[in-house]
Amino acid sequence: MRHFERQPDGALRAELDAEEAVLLQSLAGQVSELVADAALRRAQGASEDAAVARLLPDAYPDDSEASAEFRRFTESGLAERKVANAEVVIRSLAGAGVTGSVTLDEAEALSWLRCLTDIRLTIASRFGIETEDDEAGRSIDPLMREIYDWLGFVQNSLIEALDDVVARG
Amino acid sequence: MLQVHLEGKSVVATGSREEMERHVEAMHDYGLWATLTKADA
């Protein structure tokens, strides 16, 4: 994948391989399922997954009753918005295997940034990446750590492209 | 933000429960680990 670049029409475009597009779609889909099923699994009495606990955290760490009430009013909306962000990522990559590129408008780019954050938080919580240490989690799963770094690159390049308003001129 | 970086957490806002819960929900949208603590009256 090359970094995102602001196009003359304001769109954000990056070149990427078909394999990268499939990987990103798969990760977005998995995070989407994770948050979509969270309430159901909790209702069934399943123990809380570390990634879910990070994506949909307790609002009151010291007060389980208040946390449950906060969840009752906010969790389905939060989960729906995370699922919607993932769907934007998956949909925008639909033609990437053929064109070798992905083009986003600003609204799609913001969904991408939020979804990339959710994916990275999920990987980090599963592999114990809690600091800026470049080696954290690498011994557990070197490939996943590579993917985590790559997602950070994609996210950073998208932020820089969004910041680049000069190219719109 | 520096306090978050150095200490892992920081108080970013205080106010009524309803108002703060709205902020926390918005921050959860961005993947931020926002929590609430009741202040002593």
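If you read the protein sequences in the order shown, they are chains V and Y. According to the working numbering, the residues represented by the first sequence are 1 to 169, in order. According to the working numbering, the residues represented by the second sequence are 1001 to 1041, in order. Glycine included, each C-beta is placed from N, C-alpha and C at the ideal position.
One Cα belongs to R120/V, the other to L151/V, and the distance between them is close to 7 Å. Under the Cβ criterion of 8 Å, T1014/Y is not counted among the residues facing chain V. In this chain, V102/V is not harboured by any alpha helix (DSSP H); it is covered by the beta strand (DSSP E) spanning S101 to L104. Assigned with DSSP and collapsed to three states, L12/V falls in strand. The CB of L78/V comes closer than 7 Å to the CB of E1025, H1028 and D1029 in chain Y, given here in chain order. Note on Q30/V: under 16 other CB atoms within 10 angstroms of its CB, so exposed under the neighbour-count rule. In this structure, V1024/Y is the residue among D1029/Y, H1028/Y, V1024/Y and D1040/Y with its C-alpha nearest to the C-alpha of A1013/Y. The Cβ atoms of F4/V and L158/V lie closer than 8 Å to each other.
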